[in-house]
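Worksheet for the structure shown next.
Protein chains in written order, with the working numbering: chain A, 1 to 768; chain B, 1001 to 1768.
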């Protein structure tokens, strides 16, 4: 039903697109990943847009009786497909993260009794929320709509980069309310709302900001909301446990029709009279710096009330970005997977600046981006692996701007550090490593211009020398992070070593011998946590000994994070040959890898993994978490490329399904999707910072990639089928490729890459 | 002892001044008003400076068990002369207000055990505070020093416009602490500190901001603190009842030597090692908009570490402003009163912008003042009476800038209103009326240029038409505020009527007949609360009737505020002749006035007055509150100028004494002091908005006023003595003045105004 309506709509509006190129937006299904652990959101947004306008189906307390509430984890993106009610529509969402924040400025249209509490999912009529049915719900790039059953309102959402637009069609005449809930948020807890300030500038323009203390410790979201119809009556209630100091404001009835409102925890309401069938529209502009900025953004981007125009413009932006790749695949379901992955890959990082370039920096001051677009939401522990390398292929200009944004962060950082996991003018310090350096090195090595590479190297080096950061001082002194001083020590040691190798590559490119030498040495530090006696990477103590207790299948408290020793021991992406040697040579290594994909993982060990569904693993291989994303591509280094080919196709088919619950784990701001994109095209960046990709097994039948340099990369998989998952031979521009790696330059030159597919594994067909 | 040290210091540094003009700063005693109800502060500041760096002797909770704590009232300026301990030195203070806020960024140097709680006055050793003795305390313009007995530290303070400078001399060697208390504030209460953010930018520069919810509902004070010596160790503690959300910050030891700190209620500490006799210095720059602004202010104003240079520069600024008036008086005590009044008159409004003109507006956005200096702290209910008129005489450029600041407030106001009582980007709505219009009209009528008078008129009119403001809708509809709808109704009606007359005067000047007519009519509304049956202004109800219960001596709940019916019934400054007629003609009026000054005020009625000491009244005349400030000058309108002459001299001598407890009431941002200035020179602006002053009885023997137009106004009182308080005759430029009024132009032309004084009242000597 959903798909039918979707197609109908697209046929109506996509005429002009079809004349030029295939409308690929119809293959995007924003519901993919919205059930279970995908943590995607189905709402409206434009590529990398500042506004992510999406329904929130619930909001649970972050903690209950002071203890973390595991149930809140379902709501990282605000929406869970299985939920029966919608609380409202908020304007900021992460896509696919495994921890959360945002959910700002929730609007909800209602009719009937004014209710300022959201109510509960089992009794939606007890609050302003509403029941809904999926059959009355639609989502496509830059458009979302749903019938709100409790209020008989059709809600439609669309966006421009900085403006979210709501169109509410009221079936019944009568008094209507717009609820503006400024307490609502994702990962809410009692003190999350720090302060809120609202002004009704005139009868159809509201401005304000909300300041929160959450994953972003000190965050303020400014906004301006334009009403299509003058408000009749309005007011607010402050739900803070302690009332704010009132002083002489008591001389007013502040809570009714008084245009200046403030407090820690506010819900406001705005009343309108509507006739049956009437549409009310609301435009919500965001700004990182001020309400004046929000108003300017509103005027610049959506100076009119034509909802369909905004919707169509955003859809065309999507077509422009997604249409650069035209694929032919075995099934339409594959195409849906492909274009939805591409869609999810272009949701973050998100724009974080006003139309005049103003943005709030990590120092909490206002800055202006000079000569670049400023981005935020850097889930770098995830995205350095494949998403940013993907940008180097298809979005190098944006990636250069993202690097400039990261360098601005570094320049403003009191720690002298590049971002670790940053969003909305805050460093949230999530996960481990300093993978900004990987993003920078990979871009530089692949010839991306548009940022100062020497300044970037300096930033990388200063970051990697920040002794008080997460065991780094120990790492610098001892060559590893000691588990008794700093937990998850093996994961940190391994990732620092890889990051250091990235810095060395950048230094080498820029001719800085001293830095190259220093960080090449540090890049070998993975050896310091290698325990030859067990054949695994293993936590070591400050005294130099390995920790006695050791369980290769457990994760937490074992020296690892989001991956056990079994998986993490394979994390030497920059020195695979050395890893193979440590592990006993190629044959032993292949056996070892094979056992990873085939061994059963006991339930109690699965419980220790995170962010994934039970079917997000293959044996003990955990695709839902990132540390293993390169693992299937290690076989060729041990002369077993056919195993890569088989497994990549298995992962593509089993971990990505065109269903709400189709993702095997968190999409993690597009990293899971970027893995799909590379892998389905037949190559993968095992070690970003290297100019080489490892060849796998394409899932496409063919693909044309319009590269940013104006050239076209054409990929063809002859004899492609589900069964023919093995690669018989590879030709580049008609010449046989006798290597399992291919360079970025080879692809970027505008080439024809032809795979000949077969159902028989070509054992040792491709040697090094 | 105090004065001796003061003179010694001044002799040392004031050489260059004496060559040009008399050093008048030595007559300023900043301790005047610091005991009892004066609510002045003794600390360092420059004229109208953004920084008011002053010791706070205590901080009491604003409320105890949810009830207002009357004791907190003593601490409106943070300092009470009788207190035995000093908590520390904070950077923002109101001078003389009767409600309060501020007290931002308290610094306190300590030695010995690190203590992060302030301790109590009776046991200062239980916290970081210290005992002190007045004999070890000094204050003069832009300089304050005190010996902190518990820590054996000499603390010295001075300022530039935007920077406070601290010099701490440690008698003993050892570890020293600098306490930075960001919970501390004036009128503190549990939730006042909303959020605080700190960054140690390097080992000798700290930046940050503190956000509060107090009298200013949504206020943020940004700052930068430079240390003269690198900090050795530092840290902080969060005293918020609920800890902030921590997230991944837990991976650090945030509380020790970690350069980024945040939370709702923070006290930080910074450790230094000192040798005996060592001096540590700290420069604290403020900004209304950002820490970047604070750093820029610091660099622009105090790029060096020369404390004495800052101190001397500020003192010279004071000499420059105060020295424009050279007075000869009967005693040095009179001179101290005069120059301290002049000093107190130049403390507020205060500068509120960065060196680049940036300031935070009432809309909470950042703005830039274009072509004017932006001011804040408009205690307008007080200061429209004499302080702003005084500025029109001696500081018209600043007053024009203040009006531009008020117009900026209006332009940014969501209420479309000029300020009522505003400070630090907030309207606090204190007191009644819309007296901005008086300030504007008075300036325009007296020929002050430098602001757009037509735009100002529009702002006045829109303000006066804001129906939801404090009974104004009723006033517009009924011609009075009905007491059963809005309290203090008579005071409001009377003040609105006067304000409306001001608008009419401005409209007349600009040739706007319609507005002149509308507001001239409204200016008569005082008649609507006149109860001829009792001979008093009396609260009226919505149904038109006077309220039955009526007590002419009580204040609160009686339809009045800060003044009873007896006093407020005389509040028709714009139509004194009409008032006299209503009150039964001149003779009856004089009898009535006389009884005011002679009647005994029973204790239970005195208890109902506010802001004043028992000796702040004469009979039932309450000089400590403002509504009567014009009253002594009403006699000449009833042909009894000699009574004005006698009473003005009585008030000057009894209400202003050169002692800490010398002020009869709150100085109210300089209004009490401005009354002294005008009155001691022999004239007073009874109805600001009129070009005329009423003559009184000068206290000076002579005075030379260097007017801003380059001319000199010379005032001479022949045969001046304490006994000769009556005026025999007045000559202007050698010609007899046969009127009791004198125009602003007559004075401003640069005139010689000669009073001949006598001990005999010259009954009916001066007729109209």
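Glycine included, every Cβ here is placed at the ideal spot set by N, Cα and C.
Exercise. Round the Cβ separation of residue 1343 (chain B) and residue 1028 (chain B) to the nearest angstrom and send it over; I've been treating them as touching at under 8 Å.
Key: Indexing the second chain from 1 puts residue 1343 (chain B) at position 343. Indexing the second chain from 1 puts residue 1028 (chain B) at position 28. Sure, about 4 Å apart at Cβ, within 8 Å.
Quiz item: Can you tell which of B:1295, B:1348 and B:1360 has its C-alpha closest to the C-alpha of residue 289 (chain A)?
Solution: The residue you call residue 289 (chain A) lines up with position 289 of the first chain. Out of B:1295, B:1348 and B:1360, B:1360 has the C-alpha closest to the C-alpha of residue 289 (chain A).
Practice problem: Give the interface partners of residue 1247 (chain B) over in chain A, defined as CB-CB distance under 8 Å, in chain order. | Solution: Mapped onto the second chain, residue 1247 (chain B) falls at position 247. Simply 99, 214, 215, 217, 428, 429 and 430.
Quiz item: Apart from the five residues on each side of it in sequence, which residues of its chain come closer than 6 Å, Cβ to Cβ, to residue 1222 (chain B)?
Solution: For the purposes of this step, residue 1222 (chain B) is taken as residue 222 along the second chain, with counting starting at 1. Only 1209, 1287, 1290, 1291 and 1294 meet the Cβ criterion.
Self-check item: Counted within 10 angstroms of its Cβ, other Cβ atoms place residue 534 (chain A) as buried (16 or more) or exposed
Solution: Here residue 534 (chain A) refers to the residue found at position 534 when the first chain is read from its first residue. Sixteen is the threshold: since fewer than 16 other Cβ atoms of the shown chains lie within 10 Å of the Cβ of residue 534 (chain A), the residue is exposed.
Quiz item: residue 390 (chain A) lies in the alpha helix (DSSP H); which residues open and close that run?
Solution: Your numbering for residue 390 (chain A) matches position 390 in the first chain. First-last of the alpha helix (DSSP H) with residue 390 (chain A): 387-394.
Quiz item: On the three-state DSSP scale, how would you describe residue 1262 (chain B)?
Solution: Sequence index remark: in the second chain, residue 1262 (chain B) carries index 262 (1-based). Strand at residue 1262 (chain B).
Quiz item: Beta-carbon of residue 1290 (chain B) versus every beta-carbon of chain A: anything under 7 Å?
Solution: In the second chain, residue 1290 (chain B) corresponds to position 290, counting from 1. So yes, residue 1290 (chain B) belongs to the interface.
Quiz prompt | Secondary structure, beta strand (DSSP E): runs of 3+ residues fully inside the stretch 1358-1386 of chain B | solution = 1358-1360 and 1366-1368
Self-check item: From A:460, A:528, A:254 and A:106, residue whose alpha carbon lies closest to that of residue 493 (chain A)
Solution: The residue given as residue 493 (chain A) occupies position 493 in the first chain. For residue 493 (chain A), the nearest C-alpha among the options comes from A:528.
Exercise. Look at the alpha carbon of residue 1083 (chain B) and the alpha carbon of residue 1556 (chain B), and state the distance between them as a whole number of angstroms.
Key: Translated into positions along the second chain, residue 1083 (chain B) becomes position 83. Translated into positions along the second chain, residue 1556 (chain B) becomes position 556. C-alpha separation (whole angstroms): 31 Å.
Self-check item: Alpha carbon of residue 1152 (chain B) to alpha carbon of residue 1111 (chain B), nearest angstrom
Solution: Walking along the second chain from the start, residue 1152 (chain B) turns up at place 152. Walking along the second chain from the start, residue 1111 (chain B) turns up at place 111. The straight-line gap from Cα to Cα measures roughly 8 Å.
Quiz item: Candidates A:351, A:364, A:626 and A:763: which alpha carbon is nearest residue 98 (chain A)'s?
Solution: The residue you call residue 98 (chain A) lines up with position 98 of the first chain. Comparing Cα-Cα distances from residue 98 (chain A) to each of A:351, A:364, A:626 and A:763, the minimum goes to A:626.
Quiz item: Within the 7 Å Cβ cut-off, does residue 1262 (chain B) reach chain A?
Solution: For the purposes of this step, residue 1262 (chain B) is taken as the residue at position 262 of the second chain. Closer than 7 Å: yes.
Practice problem: Counting only the same chain and skipping the five closest in sequence on each side, list residues whose C-beta sits under 7 Å from that of residue 1345 (chain B). | Solution: Mapped onto the second chain, residue 1345 (chain B) falls at position 345. Excluding sequence neighbours, residue 1345 (chain B) sits near 1387, 1390, 1670, 1673, 1674 and 1677.
Exercise. Please name the residue in A:739, A:163 and A:245 whose C-alpha comes closest to that of residue 1067 (chain B).
Key: Within the second chain, the letter at position 67 stands for residue 1067 (chain B). Comparing alpha carbon positions, the residue from A:739, A:163 and A:245 closest to residue 1067 (chain B) is A:245.
Quiz item: With 7 Å set as the bound, which would you pick, yes or no: does the beta-carbon of residue 1368 (chain B) sit closer than that to a beta-carbon of chain A?
Solution: Position 368 of the second chain, counted from the start, is the residue given in the question as residue 1368 (chain B). So no, residue 1368 (chain B) is outside the interface.
Exercise. Taking only beta carbons into account, state which residues of the stretch 1168-1199 of chain B come closer than 9 Å to chain A, listed in chain order.
Key: 1187, 1189, 1190, 1191, 1192, 1194, 1195, 1197 and 1199
Quiz item: Relative to the alpha-carbon of residue 1213 (chain B), which residue among B:1107, B:1190, B:1207 and B:1057 has its alpha-carbon at the smallest distance?
Solution: As a working note, residue 1213 (chain B) is residue 213 in the second chain. Among B:1107, B:1190, B:1207 and B:1057, the Cα nearest to that of residue 1213 (chain B) belongs to B:1190.
Quiz item: When DSSP labels each residue in this structure, what does residue 1768 (chain B) get in the three-state scheme?
Solution: Working through the second chain from its first residue, we reach residue 1768 (chain B) at position 768. Low local confidence applies: a pLDDT of 37 at residue 1768 (chain B) is under 50, so the model's placement there is unreliable, with the coordinate-based value given in what follows. Note: residue 1768 (chain B) maps to coil in three-state DSSP.
Quiz item: Start and end of the beta strand (DSSP E) containing residue 1730 (chain B)?
Solution: The count along the second chain starts at 1 and reaches residue 1730 (chain B) at position 730. Run containing residue 1730 (chain B): 1726-1732, per the beta strand (DSSP E) assignment.
Practice problem: Could you work out which residues of chain B lie near residue 252 (chain A), taking near to mean beta carbons separated by less than 9 Å? | Solution: Translated into the one-based positions of the first chain, residue 252 (chain A) becomes position 252. Simply 1429, 1468, 1469 and 1470.
Practice problem: For residue 1511 (chain B), count neighbouring Cβ atoms within 10 angstroms of its own Cβ and tell me buried if that reaches 16, exposed if not. | Solution: Position 511 of the second chain, counted from the start, is the residue given in the question as residue 1511 (chain B). Label assigned to residue 1511 (chain B): exposed.
Quiz item: If residue 1689 (chain B) sits next to residue 1441 (chain B), beta carbons under 8 Å apart, how far is it from one beta carbon to the other, in whole angstroms?
Solution: If you number the second chain from 1, residue 1689 (chain B) lands on position 689. If you number the second chain from 1, residue 1441 (chain B) lands on position 441. The pair is a contact, with the Cβ atoms about 4 Å apart (cut-off 8 Å).
Self-check item: chain B contact for residue 539 (chain A) (CB, 7 Å cutoff)
Solution: In the first chain, residue 539 (chain A) corresponds to position 539, counting from 1. Not one chain B Cβ lies under 7 Å of residue 539 (chain A).
Quiz item: What in chain B is Cβ-close to residue 61 (chain A), meaning under 7 Å?
Solution: What you label residue 61 (chain A) is simply residue 61 of the first chain in a count that begins at 1. Correct list: empty, because the minimum Cβ distance to chain B is about 12 Å.
Quiz item: Using the C-alpha atoms, what's the distance from residue 94 (chain A) back to residue 654 (chain A)?
Solution: Taking the first chain and counting its residues from 1, the one referred to as residue 654 (chain A) is at position 654. Taking the first chain and counting its residues from 1, the one referred to as residue 94 (chain A) is at position 94. Approximately 24 Å between the Cα atoms of the pair.
Practice problem: Specify the secondary structure class of residue 453 (chain A) as computed by DSSP and reduced to three states. | Solution: The residue given as residue 453 (chain A) occupies position 453 in the first chain. Residue 453 (chain A) falls in the helix class under three-state DSSP.
Practice problem: Apply the 10 Å Cβ neighbour rule to residue 1600 (chain B) and answer buried if 16 or more other Cβ atoms are within range, or exposed otherwise. | Solution: Along the second chain, read from residue 1 onward, the residue named residue 1600 (chain B) stands at position 600. By the 10 Å Cβ count, residue 1600 (chain B) comes out exposed.
Practice problem: Let me know the secondary structure DSSP gives residue 1532 (chain B) once reduced to three states. | Solution: By 1-based counting over the second chain, the position of residue 1532 (chain B) is 532. Correct three-state label for residue 1532 (chain B): coil.
Quiz item: With DSSP run on the structure shown, which of helix, strand or coil describes residue 1492 (chain B)?
Solution: Locating residue 1492 (chain B) in the second chain gives position 492, counting from the first residue. Helix at residue 1492 (chain B).
Quiz item: Would you say residue 1233 (chain B) faces chain A, with C-beta separation under 7 Å as the test?
Solution: Within the second chain, residue 1233 (chain B) is the residue found at index 233, counting from 1. No, no contact with chain A.
Quiz item: If you run the structure through DSSP and keep just helix, strand and coil, what is residue 421 (chain A)?
Solution: The residue labelled residue 421 (chain A) in the question sits at position 421 within the first chain. Correct three-state label for residue 421 (chain A): strand.
Self-check item: Boundaries (first-last residue) of the alpha helix (DSSP H) holding residue 778 (chain A)
Solution: The shown model of chain A, from 1 to 768, leaves out residue 778 (chain A), and the question about it has no answer.
Quiz prompt | Residues that residue 1490 (chain B) contacts on chain A, provided the C-beta gap is smaller than 9 Å | solution = Looking up residue 1490 (chain B) in the second chain gives position 490. None at all; the shortest Cβ gap to chain A is about 16 Å.
Quiz item: Three-state secondary structure (DSSP) at residue 735 (chain A)?
Solution: Your numbering for residue 735 (chain A) matches position 735 in the first chain. Strand.
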